[in-house]
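Participant: For reference, the structure I am asking about is given below.
Number of protein chains: 2
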Amino acid sequence: MASIDDVARHAGVSTATVSRVLNNTRTVSEKTTEKVLNAVAELDYVMSSSASGLASGRTKNIGVVVPELTRWYFTNVVEGVESALLEHGYDLTLYSLNDGGASRQSVFSHFLLRQRVDAVIAISQELTDDELARLRALNKPLVGVGGPLPGVPTLSIDDVAVARQATEHLISLGHTRIAHISGTVEFEADFHLPTNRRAGFEGALSDAGIKLHERLLGSADFTIPGGYTAAMTLLKETDHRPTAIFAASDEMAIGCLLAAKDLNIRVPEELSVIGVDNHSLSEFFGLTTIGQSPHQQGRQAVDILMQALGSDHPSEENINTTLKTELILRASTSQAPPIDWNR
Amino acid sequence: MASIDDVARHAGVSTATVSRVLNNTRTVSEKTTEKVLNAVAELDYVMSSSASGLASGRTKNIGVVVPELTRWYFTNVVEGVESALLEHGYDLTLYSLNDGGASRQSVFSHFLLRQRVDAVIAISQELTDDELARLRALNKPLVGVGGPLPGVPTLSIDDVAVARQATEHLISLGHTRIAHISGTVEFEADFHLPTNRRAGFEGALSDAGIKLHERLLGSADFTIPGGYTAAMTLLKETDHRPTAIFAASDEMAIGCLLAAKDLNIRVPEELSVIGVDNHSLSEFFGLTTIGQSPHQQGRQAVDILMQALGSDHPSEENINTTLKTELILRASTSQAPPIDWNR
DNA sequence: TTCACAAATGCAAACGCTTGCATTATTCTT
DNA sequence: AAGAATAATGCAAGCGTTTGCATTTGTGAA
Chain B
5 MASIDDVARH AGVSTATVSR VLNNTRTVSE KTTEKVLNAV AELDYVMSSS
55 ASGLASGRTK NIGVVVPELT RWYFTNVVEG VESALLEHGY DLTLYSLNDG
105 GASRQSVFSH FLLRQRVDAV IAISQELTDD ELARLRALNK PLVGVGGPLP
155 GVPTLSIDDV AVARQATEHL ISLGHTRIAH ISGTVEFEAD FHLPTNRRAG
205 FEGALSDAGI KLHERLLGSA DFTIPGGYTA AMTLLKETDH RPTAIFAASD
255 EMAIGCLLAA KDLNIRVPEE LSVIGVDNHS LSEFFGLTTI GQSPHQQGRQ
305 AVDILMQALG SDHPSEENIN TTLKTELILR ASTSQAPPID WNR
Chain D
5 MASIDDVARH AGVSTATVSR VLNNTRTVSE KTTEKVLNAV AELDYVMSSS
55 ASGLASGRTK NIGVVVPELT RWYFTNVVEG VESALLEHGY DLTLYSLNDG
105 GASRQSVFSH FLLRQRVDAV IAISQELTDD ELARLRALNK PLVGVGGPLP
155 GVPTLSIDDV AVARQATEHL ISLGHTRIAH ISGTVEFEAD FHLPTNRRAG
205 FEGALSDAGI KLHERLLGSA DFTIPGGYTA AMTLLKETDH RPTAIFAASD
255 EMAIGCLLAA KDLNIRVPEE LSVIGVDNHS LSEFFGLTTI GQSPHQQGRQ
305 AVDILMQALG SDHPSEENIN TTLKTELILR ASTSQAPPID WNR
């Protein structure tokens, strides 16, 4: 495997010059640059990242911490991050905290500290003070995606506003018996997502002067089956069946759609359903939703990171950027049916 | 940030000894080991991976190459790999080849060559000869998951056998008008998966003396919507509607289930459906399937890798291990309905 | 042409580890 | 108890880059 010395010799210059060309420090003449590049090509030379990392302190590698990989949102953010990083010549080292405690512990106390990464992107990670402190001690850029982190530039949607918008959409269609399926408590760890979305829901309701009915509140685990089960309970509520459901995620909303079908409840004539995400299956199911685009969020996180890596002042300006979301109208919501007072 | 010298001084030993303790070379006395470990803990010392990598040539990092992240199979393999690697103290650097050509090119010609990884795991990647040669030139262990690779230890299921088993299951239930939804041609790149599964299907059919009917062959893109559309076409075939469908993936099979529901075709009374994967949604949909467990496959790939990294002879023995799969009976298949000869 | 200054290049000392070899401490034999 | 063998440790030379500083080359002005 060729080393920088081989290249230098081959091009008839010093290793310093080769290094400068490869890192394009702009102080090398055109002629020399070309010679070096030729030598590089001829020898199939690729720099050793270890050596470069050791000497410069820069690894050209970004750590990405994610709670798990199998959820739609995470997967898509990671893909966005990955593709953007590739364009910048960076590698992505993935830390998936699947099993909660155990791996989480070692990732924060060991893996991230090996000086393998120049920066880290934390996806939907509510970090403990200790973890945050550890990351800060690294003195490397850190950006969060999916929720606010104290003192860290983050990207996130406004969950309260999103939920409010979804609910208001239903209200504007004349619905008053609106159910909500929120996330179960174990998802609170993700920036209180269930609570926030529920808050938006309740806010919209109370603004419209609609009284919240306890029995119109369900919760599930953000999956299709979870949404299905929750919807089943809600929809069997015979004397006060909702005419609309706002599910805190598209997957749960799809579960609602399937439940309605199994109960022979027509959507949207008898039941409107709205979700959040614009999941890849939503279009297929004709689901009206508030869309967010995690792929884009991932790319944007990289932009922020690159900027931070460029200027060495840890520019504390862009604390929490709120990402825009968009109401996507499809076939699952419509005018509320006339209320059948007999039920 | 503490360096190995600090630790050495703090423990009153040489850096060599510290290094030995940390890499547990078994030649350090118990006493000394303890002293060193204490110093490490006190100083919160974590080794620099760059320095270690440069000096030893080992990075404790594995490259994982995957075609994309959003498909169930890939995500799960990666999760399996990640969790196993973590246990071994290895990092995982992810290369997702989403946009085909562009990134693929740079990953193979540049990223993987930076000596950032000790080995690579290629997931469902049919590699070109050139790419394979490049990887071999690295002289680092390589294991493939998802399909055979010439001269490389790989893990994969026997697609032909799986398809045969699925089809035989339907035949054993008395079905003779069996349709198949295979993958479209662009998925051929994944080790001819569509072709192989179709071959198994046709093999089982011909063994049973059942004539294959052209109009009972569909194809789709391995997604739920794709399966839905394909099934719609198949099931509208009024004069020769299939009584069973074997879909090349669970997602497509779920599409079939949804199509059947929309057409008011009862499953399994009027239509049996079987898929392949044991996707996380399959249980919910009551889908009979041939299960494989990608998570497990990922872990197993790591086992092989660790073994290869341990012994320096690139043990060429375990070329392509065939993974076991399992018929999982659920509610979507049953005895064939009596044939209505009037249709 | 010469000089001053800027641009281009080279020199060589880090960077923080690992490891072969040499040295010292310990244990076992006889 | 002495010597041999073995275990534990230390020394110091790399590993392949980057980069501050010194040096050489090139340029424009006088």
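Which chain is which? The protein sequence lines are B and D, in order.
According to my numbering, the stretch in the first sequence is residues 5 to 347, in order.
According to my numbering, the stretch in the second sequence is residues 5 to 347, in order.
Using N, Cα and C, we set each Cβ at its ideal position, and we do this for glycine too.
Please read all numbers here as calculations on a predicted model, not as lab measurements.
#1: Using a Cβ-Cβ cut-off of 8 Å, state whether M51 of chain B counts as contacting chain D.
#2: To the nearest angstrom, report how far apart N346 of chain D and E72 of chain B are at their CA atoms.
#3: Of all Cβ atoms in chain B, is any one closer than 8 Å to the Cβ of K144 of chain D?
#4: Could you check whether the region 54–69 of chain B touches the region 84–103 of chain B, counting it as contact only if at least three pairs of C-beta atoms, one from each stretch, sit closer than 8 Å?
#5: Express the C-alpha separation of A45 of chain B and V124 of chain D in angstroms, rounding to a whole number.
#6: Exposed or buried, A252 of chain D, counting other C-beta atoms within 10 Å across all chains shown (16 or more means buried)?
#7: Under 9 Å Cβ-Cβ, which residues of chain B neighbour S223 of chain D?
#8: I'd like the span of the beta strand (DSSP E) that includes H184 of chain D, first residue to last.
#9: Just to confirm the assignment, what range does the beta strand (DSSP E) spanning Y49 of chain D have?
#10: Quick check: what's the CA-CA separation for D134 of chain D versus N143 of chain D?
#11: Name the chain B residues whose beta carbon is nearer than 7 Å to that of P229 of chain D?
#12: Taking I323 of chain B and N282 of chain B to be in contact with their CB atoms under 8 Å, please state how far apart those CB atoms are, rounded to whole angstroms.
#13: Which stretch, first to last residue, makes up the beta strand (DSSP E) that contains G178 of chain B?
#14: Would you say Q119 of chain B reaches chain D, if we count a Cβ-Cβ gap shorter than 8 Å as a contact?
#15: By how many angstroms is the C-alpha of L209 of chain D removed from the C-alpha of L174 of chain B?
#16: Mind checking which residues open and close the alpha helix (DSSP H) that includes E255 of chain B?
#17: Do E130 of chain D and A193 of chain D have their beta-carbon atoms positioned less than 8 Å apart in this structure?
#18: Mind pulling the chain B residues with CB within less than 9 Å of S100 of chain D?
#19: For R347 of chain D, does the three-state DSSP call read helix, strand or coil?
#20: Taking the DSSP output, what are the residues bridged to N65 of chain D?
#21: Using a Cβ cut-off of 8 Å, pull out every chain B residue sitting near H14 of chain D, in sequence order please.
#22: Checking the sheet assignment: what are the DSSP bridge partners for R302 of chain D?
#23: Using the Cβ count rule (16 or more neighbours within 10 Å means buried), how would you classify G150 of chain B?
#24: Given a cut-off of 8 Å on the beta-carbon distance, is the pair P363 of chain D and F195 of chain D in contact?
#25: Keeping to the same chain, check which residues put their C-beta closer than 6 Å to that of M5 of chain D; ignore five residues upstream and five downstream.
#26: Looking at the unbroken alpha helix (DSSP H) that takes in S113 of chain B, where does it start and where does it end?
#27: Can you grab the Cα-Cα spacing for the pair S176 of chain B / R118 of chain D, in whole Å?
#28: In terms of residue numbering, what span does the alpha helix (DSSP H) encompassing V25 of chain B cover?
#29: Within the same chain, show all residues whose beta-carbon is closer than 8 Å to that of S113 of chain B, passing over the 5 residues directly before and after it, in chain order.
#30: Opposite E330 of chain B in the DSSP bridges: which residues?
#31: Would a C-beta distance cut-off of 8 Å place H299 of chain D and E91 of chain D closer than the cut-off?
#32: Given this structure, state the Cα-to-Cα distance separating G148 of chain B from L136 of chain B, to the nearest angstrom.
#33: Specify the secondary structure class of S54 of chain B as computed by DSSP and reduced to three states.
#34: So is N42 of chain B buried or exposed if we call it buried at 16+ other beta carbons inside 10 Å?
#35: For V124 of chain B, write down the residues that DSSP places opposite it in a beta bridge.
#36: Under DSSP, the beta strand (DSSP E) around A248 of chain D begins and ends at which residues?
Facilitator: According to the data block:
#1: Taking the first sequence and counting its residues from 1, the one referred to as residue 51 of chain B is at position 47. Closer than 8 Å to some Cβ of chain D, the Cβ of M51 of chain B qualifies, so yes.
#2: Here residue 346 of chain D corresponds to residue number 342 of the second sequence, with the count starting at 1. Here residue 72 of chain B corresponds to residue number 68 of the first sequence, with the count starting at 1. Low per-residue confidence applies at N346 of chain D: pLDDT is 49, beneath 50, and the placement is therefore not dependable, though the value from the model is reported in the following sentence. Computed Cα separation, rounded: 53 Å.
#3: Here residue 144 of chain D refers to the residue found at position 140 when the second sequence is read from its first residue. No, because no Cβ of chain B sits closer than 8 Å to the Cβ of K144 of chain D.
#4: yes
#5: The residue you call residue 124 of chain D lines up with position 120 of the second sequence. The residue you call residue 45 of chain B lines up with position 41 of the first sequence. Roughly 24 Å separates the two Cα atoms.
#6: Taking the second sequence and counting its residues from 1, the one referred to as residue 252 of chain D is at position 248. With 16 or more other Cβ atoms within 10 Å, it is buried.
#7: One-based indexing of the second sequence puts residue 223 of chain D at position 219. S223 of chain D does not reach chain B, its nearest Cβ partner there being about 18 Å away, counting only Cβ pairs nearer than 9 Å.
#8: Indexing the second sequence from 1 puts residue 184 of chain D at position 180. Run containing H184 of chain D: I182 to G187, per the beta strand (DSSP E) assignment.
#9: As a first step, residue 49 of chain D is located in the second sequence; it is residue number 45 there, counting from the start. From DSSP, Y49 of chain D is part of no beta strand (DSSP E); its letter is neither H nor E.
#10: As a first step, residue 134 of chain D must be located in the second sequence, where it is residue number 130. As a first step, residue 143 of chain D must be located in the second sequence, where it is residue number 139. Cα-Cα distance, rounded: 15 Å.
#11: Locating residue 229 of chain D in the second sequence gives position 225, where the first residue counts as 1. Proximity of chain B to P229 of chain D at the Cβ level (cut-off 7 Å) is accounted for by F288, in chain order.
#12: As a working note, residue 323 of chain B is residue 319 in the first sequence. As a working note, residue 282 of chain B is residue 278 in the first sequence. Contact doesn't hold; Cβ gap of about 26 Å is too wide.
#13: Against the first sequence, residue 178 of chain B aligns to sequence position 174. From DSSP, G178 of chain B is part of no beta strand (DSSP E); its letter is neither H nor E.
#14: Here residue 119 of chain B corresponds to residue number 115 of the first sequence, with the count starting at 1. Closer than 8 Å to some Cβ of chain D, the Cβ of Q119 of chain B qualifies, so yes.
#15: Counted from its first residue, the first sequence places residue 174 of chain B at position 170. Counted from its first residue, the second sequence places residue 209 of chain D at position 205. Using only the alpha carbons, I get a separation of about 52 Å.
#16: As a working mapping, residue 255 of chain B is identified with position 251 in the first sequence. It spans D254 to D266 - the alpha helix (DSSP H) in which E255 of chain B sits, taken as one unbroken run.
#17: Here residue 193 of chain D refers to the residue found at position 189 when the second sequence is read from its first residue. Here residue 130 of chain D refers to the residue found at position 126 when the second sequence is read from its first residue. A contact, by the Cβ cut-off of 8 Å.
#18: Against the second sequence, residue 100 of chain D aligns to sequence position 96. Those within 9 Å of S100 of chain D in chain B are V82, E83, E86, S87, L90 and L96.
#19: As a working mapping, residue 347 of chain D is identified with position 343 in the second sequence. Bear in mind that the predicted position of R347 of chain D carries a pLDDT of just 46, short of 50, making it unreliable; the figure below should be weighed with that in mind. If DSSP states are grouped into helix, strand and coil, R347 of chain D belongs with coil.
#20: Against the second sequence, residue 65 of chain D aligns to sequence position 61. Answer by DSSP bridge pairing, in chain order: D:D95.
#21: Against the second sequence, residue 14 of chain D aligns to sequence position 10. Residues of chain B passing the Cβ test: none, with the nearest at roughly 18 Å.
#22: The count along the second sequence starts at 1 and reaches residue 302 of chain D at position 298. Going by the sequence as given, residue 302 of chain D is Gly instead of Arg. According to DSSP, which records beta bridges pairwise, G302 of chain D is partnered with nothing at all.
#23: Position 146 of the first sequence, counted from the first residue, corresponds to residue 150 of chain B. Buried: at least 16 other Cβ atoms inside 10 Å.
#24: What is shown of chain D runs 5 to 347, which leaves residue 363 of chain D out entirely.
#25: Within the second sequence, residue 5 of chain D is the residue found at index 1, counting from 1. Closer than 6 Å at the Cβ level, and outside the excluded window around M5 of chain D, lies no residue.
#26: What you label residue 113 of chain B is simply residue 109 of the first sequence in a count that begins at 1. Here the alpha helix (DSSP H) through S113 of chain B covers G105 to S113.
#27: Looking up residue 176 of chain B in the first sequence gives position 172. Looking up residue 118 of chain D in the second sequence gives position 114. Rounded to whole angstroms, S176 of chain B to R118 of chain D spans 57 Å at the Cα level.
#28: Here the question's residue 25 of chain B lines up with position 21 in the first sequence. For V25 of chain B, the enclosing alpha helix (DSSP H) starts and ends at T19 to L26.
#29: The residue you call residue 113 of chain B lines up with position 109 of the first sequence. Around S113 of chain B: R138.
#30: In the first sequence, the residue the question calls residue 330 of chain B occupies position 326. Note: E330 of chain B is bridge-paired with B:G295 in the DSSP secondary-structure output.
#31: For this step, residue 299 of chain D is matched to residue 295 along the second sequence. For this step, residue 91 of chain D is matched to residue 87 along the second sequence. Cβ atoms of H299 of chain D and E91 of chain D: not closer than 8 Å.
#32: Here residue 148 of chain B is taken as the residue at index 144 of the first sequence, counted from 1. Here residue 136 of chain B is taken as the residue at index 132 of the first sequence, counted from 1. Computed Cα separation, rounded: 11 Å.
#33: The residue given as residue 54 of chain B occupies position 50 in the first sequence. Note: S54 of chain B maps to helix in three-state DSSP.
#34: Within the first sequence, the letter at position 38 stands for residue 42 of chain B. Under this definition N42 of chain B is an exposed residue.
#35: Residue numbering aside, residue 124 of chain B sits at position 120 when the first sequence is read from its first letter. Paired residue(s): B:G67 and B:L146.
#36: Translated into the one-based positions of the second sequence, residue 248 of chain D becomes position 244. Unbroken beta strand (DSSP E) run through A248 of chain D: A248 to A251.
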